[in-house]
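Colleague: Numbering (UniProt numbering), first residue to last: 1 to 396.
Structure incoming, see below.
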Amino acid sequence: MKALWVDAGNGAAGDMLLAALLDAGADVEAVRSGLRGLAVGPLEVEVAPVRRHGLRALHADVRVPPDDVSRNLSDVTAILSEAALPDGVRAFALAVFERLARAEARVHGVDVSRIHFHEVGALDAIADVTGCALALHSLDLLDAPVRVVSPVAAGSGVVRAAHGPLPVPVPAVLELLTEAGAPLRSHPATMELCTPTGAALLATLATGWGPMPDCVPTAVGAGAGTADPEGHPNIVRVVVGSASSSSAGWESAELHRVDSTIDDLDPRLWPDVLEELRTAGAADAWCSPALMRKGRPGQVLSVLVEPARLDAVCRVVFERTTSLGVRVSSVERRSLRRDRVEVDVGGAVVGVKRGLLGGRVVTAQPEYDEARAAALASGRPVHEVLNEARALASEG
């Protein structure tokens with residue numbers, strides 16, 4: 001199981017992340033070939049070793065033709081949709097630009113359809129985002145379940161943008177990182193360290209935020225920015241590795257548990273509350289009945305969440321319930337590695353979720369709706385279809 005860690009402690013930009021992934025072993029020719037397939041003129045990437053603050057790194061020079069077109073999200077979507085890109089690459093790049101459009105729309109207080117990207121929609125940004133997606137695909141990381149990003153340094157000061165001078169971090173960067181629940185790192189540099197494109201890439205890439213995950217490193221890459229300031233190395237580092245699991249065969253993670261006892265919420269609202277908590281990043285959320293003072297019935301709301309998403313989950317509890325306070329505790333979660341397979345039961349396909357302990361199937365649970373449909377089609381009892389699907393998935 002592959003893992004990726006991105007060290008954004010000195011900031012991040014699209015070309016820096018692209019260079020770091022290429023330095024870690026991504027196929028530069030595959031990136032170049034993919035970019036040439038975009039119907040926006042010749043896009044080229046030249047790479048060269050450089051030194052930043054005394055450290056070796058790779059610099060990616062993205063070369064694009066002169067361009068003064070102001071594009072909106074539908075324009076960028078059309079460019080990516082018409083290109084001959086792998087499906088995962090296209091989906092990742094589209095997700096990055098959708099994040100950018102939402103952030104710009106919130107910052108300017110307009111509808112997403114009215115956002116013109118300016119610098120973000122320029123050809124170099126399209127090349128950076130698509131190039132990073134192609135590099136991740138080359139490293140087999142687009143579907144990696146462990147992609148962790150460190151706390152992000154955004155910088156300070158003032159930068160000139162299409163709308164004129166803007167404070168650093170620029171509003172779009174703060175919007176992107178806030179939406180993603182990214183931790184920010186204080187940095188002494190008075191310059192823009194994280195660009196909107198870099199922030200959108202990190203937010204789309206990250207499955208978690210924090211220190212390097214447990215892994216066996218297989219490659220390290222360093223991508224350089226154009227500037228070489230005196231105070232810090234202007235680089236992004238990436239570590240590619242194999243995610244480790246415990247010798248017992250299960251995976252372990254440190255989570256927070258959030259509890260709140262509530263007795264005055266309309267019970268019809270609970271399903272929506274639980275769904276919003278999961279959308280906010282909760283690993284799980286549930287209610288348990290409780291007997292309150294004077295015999296009043298109530299519910300204990302419980303949520304499991306990664307540390308980086310704790311504040312987002314607490315916000316949902318306070319905004320969507322009548323809770324005046326929550327209890328937060330640290331817990332360790334041990335979990336089986338999981339997958340999903342499809343089996344043929346009497347000519348019908350039934351999906352089965354499996355739990356694996358050291359590569360051995362120890363639990364298999366068919367999708368009930370699919371098993372029920374197979375049972376109706378064949379005239380067999382549902383429990384027979386469930387048992388056969390479970391047995392087939394366990395054998396496979």
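Here a beta-carbon is modelled for each residue, glycine too, at the ideal position from N, C-alpha and C.
The structure presented is a predicted model; accordingly, all values stated were derived computationally and were not measured.
1. Indicate whether the contact test is met: 3 or more Cβ pairs, each with one atom in the region 20 to 32 and one in the region 203 to 213, closer than 8 Å.
2. Hey, quick one: how far does the beta strand (DSSP E) through H256 stretch, first residue to last?
3. Where V343 and G41 are concerned, what is the direct C-alpha to C-alpha distance, given to the nearest angstrom?
4. Counting contacts by CB-CB distance shorter than 9 Å, is E230 in contact with chain D?
5. Need the endpoints of the alpha helix (DSSP H) that C314 sits in, please.
6. Between the C-alpha atoms of E306 and G281, what's the straight-line distance to the nearest angstrom?
7. In whole angstroms, give me the CA-to-CA distance for L73 and G157.
8. Is the CB-CB distance between L202 and V149 below 9 Å?
9. Name the residue from W270, G295, P65, R257 whose alpha carbon lies nearest to the alpha carbon of V303.
10. Between the alpha carbons of D284 and L255, how many angstroms are there, rounded?
11. Per DSSP, C194 is paired with what?
12. Would you call M292 buried or exposed, if buried means 16 or more other Cβ atoms sit within 10 Å of its Cβ?
13. Looking only at its own chain, which residues have a Cβ that is under 6 Å from the Cβ of L392, when we skip the five neighbours before and after it?
14. Enumerate, from N- to C-terminal direction, the unbroken beta strand (DSSP E) stretches of 3 or more residues contained entirely within the region 38 to 77.
15. Please report the distance separating the alpha-carbon of F97 from that of R337.
16. For G208, list the residues DSSP reports as bridge partners.
17. If you follow the beta strand (DSSP E) that L174 is in, where does it begin and where does it stop?
18. Does the beta carbon of P289 fall short of 8 Å from some heavy atom of the ligand NAD?
19. Out of L356, D23, L376, point me to the one whose CA is closest to G223's CA.
20. I need the DSSP call for R380, collapsed to helix, strand or coil.
21. Please confirm if the region 12 to 22 is in contact with the region 120 to 136, defined as three or more CB-CB distances below 8 Å between the two stretches.
22. I need the straight-line Cα distance from E367 to V352, nearest angstrom please.
23. Roughly how many whole angstroms lie between the Cα atoms of E384 and A364?
24. Taking a contact to mean a Cβ-Cβ separation below 9 Å, would you say L177 touches A154 in this structure?
25. Quick check: the Cα distance between V238 and T197, rounded to an integer number of angstroms?
Modeller: The short version:
1. Touching, no.
2. Within the sequence shown, residue 256 is the residue found at index 256, counting from 1. Counted as a single uninterrupted DSSP element, the beta strand (DSSP E) harbouring H256 occupies residues 251 to 262.
3. Indexing the sequence shown from 1 puts residue 343 at position 343. Indexing the sequence shown from 1 puts residue 41 at position 41. Looking at the two C-alpha atoms, the distance is approximately 46 Å.
4. Reference to chain D is not applicable here, since this structure consists of a single protein chain.
5. In the sequence shown, the residue the question calls residue 314 occupies position 314. Segment 310 to 320, the alpha helix (DSSP H) holding C314.
6. Counting from one through the sequence shown, the residue named residue 306 turns up at place 306. Counting from one through the sequence shown, the residue named residue 281 turns up at place 281. Whole-angstrom Cα-Cα distance: 8 Å.
7. Position 73 of the sequence shown holds residue 73. Position 157 of the sequence shown holds residue 157. Each residue's Cα considered, the two are about 29 Å apart.
8. Residue 202 sits at position 202 when you count from the first residue of the sequence shown. Residue 149 sits at position 149 when you count from the first residue of the sequence shown. Contact annotation: L202 and V149 have beta-carbon atoms nearer than 9 Å.
9. Residue mapping note: residue 303 aligns to position 303 of the sequence shown, counting from 1. The candidate whose alpha carbon is nearest that of V303 is R257.
10. For the purposes of this step, residue 284 is identified with residue 284 of the sequence shown, where counting begins at 1. For the purposes of this step, residue 255 is identified with residue 255 of the sequence shown, where counting begins at 1. The C-alpha of L255 is placed about 11 Å away from the C-alpha of D284.
11. Counting from one through the sequence shown, the residue named residue 194 turns up at place 194. Its beta-bridge partners are A12.
12. In the sequence shown, residue 292 corresponds to position 292, counting from 1. With fewer than 16 other CB atoms across the displayed protein chains lying within 10 angstroms of its CB, M292 is exposed.
13. The count along the sequence shown starts at 1 and reaches residue 392 at position 392. Counting only Cβ-Cβ distances below 6 Å, and skipping sequence neighbours, we find V343.
14. Fully enclosed beta strand (DSSP E) runs of no fewer than 3 residues occupy 44 to 52, 55 to 63 of the region 38 to 77, in order along the chain.
15. Sequence index remark: in the sequence shown, residue 97 carries index 97 (1-based). Sequence index remark: in the sequence shown, residue 337 carries index 337 (1-based). Our two residues, F97 and R337, have alpha carbons roughly 32 Å apart in a direct line.
16. As a position in the sequence shown, residue 208 is number 208, starting the count at 1. Beta-bridge analysis with DSSP links G208 to V148.
17. One-based indexing of the sequence shown puts residue 174 at position 174. It is not in any beta strand (DSSP E) - L174 instead sits in the alpha helix (DSSP H) that spans 171 to 180.
18. Questions concerning the ligand NAD fall outside what the structure shown contains, since it holds no ligand whatsoever.
19. Locating residue 223 in the sequence shown gives position 223, counting from the first residue. Per the Cα distances, D23.
20. Within the sequence shown, numbered from 1, the residue matching residue 380 stands at position 380. The DSSP-derived three-state label of R380 is coil.
21. Touching, yes.
22. Within the sequence shown, residue 367 is the residue found at index 367, counting from 1. Within the sequence shown, residue 352 is the residue found at index 352, counting from 1. If I take the Cα positions, the gap works out to 6 Å.
23. The count along the sequence shown starts at 1 and reaches residue 384 at position 384. The count along the sequence shown starts at 1 and reaches residue 364 at position 364. Approximately 15 Å between the Cα atoms of the pair.
24. Reading the sequence shown from its first residue, position 177 is the one you call residue 177. Reading the sequence shown from its first residue, position 154 is the one you call residue 154. In this structure, A154 lies closer than 9 Å to L177 by Cβ.
25. Against the sequence shown, residue 238 aligns to sequence position 238. Against the sequence shown, residue 197 aligns to sequence position 197. The alpha-carbon atoms of V238 and T197 are separated by roughly 17 Å.
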